[in-house]
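One structure is given below, encoded as structure tokens.
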Amino acid sequence: MLTNDSIDVFMLQKLQVKQARYLEAMKKGAYVIDVSDINTQELKTAIITNPETRANIEVELMKKRIESEKNKFLADSAFVLRKYEDYRKGEITRSELAEKGVNVI
Numbered sequence: 017m018l019t020n021d022s023i024d025v026f027m028l029q030k031l032q033v034k035q036a037r038y039l040e041a042m043k044k045g046a047y048v049i050d051v052s053d054i055n056t057q058e059l060k061t062a063i064i065t066n067p068e069t070r071a072n073i074e075v076e077l078m079k080k081r082i083e084s085e086k087n088k089f090l091a092d093s094a095f096v097l098r099k100y101e102d103y104r105k106g107e108i109t110r111s112e113l114a115e116k117g118v119n120v121i
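In terms of our numbering, the sequence shown is residues 17 to 121.
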């Protein structure tokens, strides 16, 4: 029995889609099945029916993703800056920088 405001309906739909893909793949003789389309975050928020709560969760997730991207950018920038400073001091050559993926013009 499937009930409203539960993940049962959502999971049943996902299971039916996955089963259909599996059967189609087996007909074609596939040995590997791609399941990368399953989004665990979507599963976690699927049962939240309050739009305000759901929006707040999605905003928090976006903040975390943007913060992660910012930190990656800052780390990359710090790496390039350190290598450039080493280059300016003569501690590293242009070819050594090129080997590490840093282009000096």
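Glycine is no exception: its CB is placed at the ideal position from the N, C-alpha and C atoms.
Q: Take Ile108 and list the residues in its own chain whose beta-carbon comes closer than 8 Å to its own, dropping the five residues that flank it on each side.
A: Lys99, Asp102
(Q) Between the alpha carbons of Lys30 and Leu77, how many angstroms are there, rounded? (A) 23 Å
Q: Could you tell me the distance, in whole angstroms, from the CA atom of Ala94 to the CA atom of Gln32?
A: 48 Å
Q.
In this structure, how does DSSP classify Ala62 when only helix, strand and coil are distinguished?
A. coil
Q: Output yes or no for whether 8 Å exceeds the beta carbon distance between Arg70 and Thr61.
A: yes
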